[in-house]
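Asker: The structure is given below, and queries will be raised subsequently.
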Amino acid sequence: EAGVTQSPRYAVLQEGQAVSFWCDPISGHDTLYWYQQPRDQGPQLLVYFRDEAVIDNSQLPSDRFSAVRPKGTNSTLKIQSAKQGDTATYLCASSRQNYAEQFFGPGTRLTVL
Amino acid sequence: QQKVQQSPESLTVSEGAMASLNCTFSDGTSNNFRWYRQHSAKGLEVLVSIFSDGEKEEGRFTAHLNRANLHVSLHIREPQPSDSAVYLCAVITNAYKVIFGKGTHLHVLP
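If you read the protein sequences in the order shown, they are chains A and B. Our numbering numbers the first residue of the first sequence as 123 and each following residue consecutively. Our numbering numbers the first residue of the second sequence as 43 and each following residue consecutively.
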């Protein structure tokens, strides 16, 4: 069974530029999570979906961040106008509904100069 | 809201010596605790999940949970240089949210 895949693995931007991250969850997993992990911090949940519906986006900076999962499978996280404070690793995870086990992808390491 | 704190921030041990990592949490109503390992540029690897007070062993990794003291620890027997990584403590809430600590950087010297 293939794991969670993410792309790109690395991104380097200037402040003000836009970037998108892509996640392909494990087949059959209806729940998908996006986490932000700043350097020397633990992952912090940004948003999660069940199928195509957003369940909780309370920690997503809505003025610049957006996330979609239009067909309930792959997902895209976008930062419209990146800031240096967005420098972090962005992790995607997936799980089956009502199962605590989340499976994590390798992450995208973002550096904003 | 559940808060998770880990100590120490960084730990250096020699190959073969026991490594002990600590984690405290603020809300004792959770009953699902997990230790992850994170190598640079890799995803999170689950090491041990523990659901009740006491001890749970998975190979060289042993977790101890004491919910009355709001404490869970991880002990690594005979650590090797390849175990050098960041170790993350996580508490899974009753709503299946995962709350992570900041991590302990473990360095194992050959």
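We treat Cβ as the ideally placed atom computed from N, Cα and C, and that holds for glycine. Since the model is a prediction, treat every value here as computed from it, not as a measurement.
Taking residue 60 of chain B as the reference, give the member of B:132, B:117, B:73, B:106 with the closest Cα.
Answerer: Looking at the Cα atoms, B:117 is the closest of the given residues.
Asker: Sort A:147, A:193, A:183 by Cα distance to residue 201 of chain A and report the nearest one.
Answerer: Minimum Cα distance to residue 201 of chain A is reached at A:183.
Asker: Using Cβ-Cβ distances below 9 Å, what residues of the segment 86–101 of chain B are close to chain A?
Answerer: Flagged, chain order: 86, 87, 88, 91.
Asker: Could you pull out every unbroken beta strand (DSSP E) segment of at least 3 residues lying fully inside the segment 46–123 of chain B, listed in chain order?
Answerer: As far as the segment 46–123 of chain B is concerned, its whole beta strand (DSSP E) runs of at least 3 residues are 46–49, 52–56, 61–67, 74–80, 86–92, 96–100, 103–108, 113–118.
Asker: Using a Cβ cut-off of 8 Å, pull out every chain A residue sitting near residue 45 of chain B, in sequence order please.
Answerer: Going along chain A, no residue has its Cβ under 8 Å from residue 45 of chain B, so there is no contact; the nearest lies around 11 Å.
Asker: Assuming residue 233 of chain A is part of the beta strand (DSSP E), what are its boundary residues?
Answerer: Looking at the DSSP string, the run of the beta strand (DSSP E) that includes residue 233 of chain A is 230–234.
Asker: Quick check: the Cα distance between residue 68 of chain B and residue 112 of chain B, rounded to an integer number of angstroms?
Answerer: Their Cα atoms are separated by approximately 7 Å.
Asker: Would you list, in chain order, the members of the segment 141–166 of chain A that have their beta-carbon closer than 7 Å to a beta-carbon of chain B?
Answerer: Result list: 162, 163, 164, 165.
Asker: Return the bridge partner residues of residue 167 of chain A from the DSSP annotation.
Answerer: Looking at the DSSP assignment, residue 167 of chain A forms a beta bridge with A:157.
Asker: Starting from the beta carbon of residue 227 of chain A, find every residue of chain B whose beta carbon is closer than 8 Å, and list them in chain order.
Answerer: Ordered by position in chain B, the residues that pass the 8 Å Cβ test against residue 227 of chain A are 85.
Asker: Where DSSP assigns a beta bridge to residue 128 of chain A, which residues make up the other side?
Answerer: According to DSSP, which records beta bridges pairwise, residue 128 of chain A is partnered with A:145.
Asker: For a contact defined as C-beta to C-beta under 9 Å, what are the partners of residue 67 of chain B on chain A?
Answerer: Result: empty, since nearest Cβ-Cβ is about 12 Å, beyond 9 Å.
Asker: Beta-carbon within less than 8 Å of residue 194 of chain A's beta-carbon, same chain only, minus the 5 sequence neighbours each way: which residues are those?
Answerer: Closer than 8 Å at the Cβ level, and outside the excluded window around residue 194 of chain A, lie 152, 171, 173, 174.
Asker: According to DSSP, residue 146 of chain B sits in a beta bridge with which residue or residues?
Answerer: Paired residues: B:129.
Asker: Closest to residue 62 of chain B by CA distance: which of B:132, B:119, B:142 is it?
Answerer: Closest option to residue 62 of chain B, Cα to Cα, is B:119.
Asker: Check for me: the beta strand (DSSP E) holding residue 178 of chain A runs from which residue to which?
Answerer: Taken as a continuous stretch (DSSP letters only), the beta strand (DSSP E) holding residue 178 of chain A covers 175–178.
Asker: Between B:122, B:134, B:140, B:139, which has its C-alpha nearest residue 148 of chain B's C-alpha?
Answerer: For residue 148 of chain B, the nearest C-alpha among the options comes from B:122.
Asker: Once the 5 residues before and after residue 147 of chain A are set aside, which same chain residues still bring their CB inside 6 Å of it?
Answerer: 126, 154, 216, listed in sequence order.
Asker: Could you spell out where the beta strand (DSSP E) holding residue 197 of chain A opens and where it closes?
Answerer: Note, residue 197 of chain A: beta strand (DSSP E), 197–201.
Asker: Give me the chain B residues within the contact set of residue 181 of chain A, using Cβ-Cβ distance strictly less than 7 Å, ordered along the chain.
Answerer: Those within 7 Å of residue 181 of chain A in chain B number zero; the least Cβ separation is about 11 Å.
Asker: Closer than 8 Å, CB to CB, is residue 103 of chain B near chain A or not?
Answerer: So, not an interface residue.
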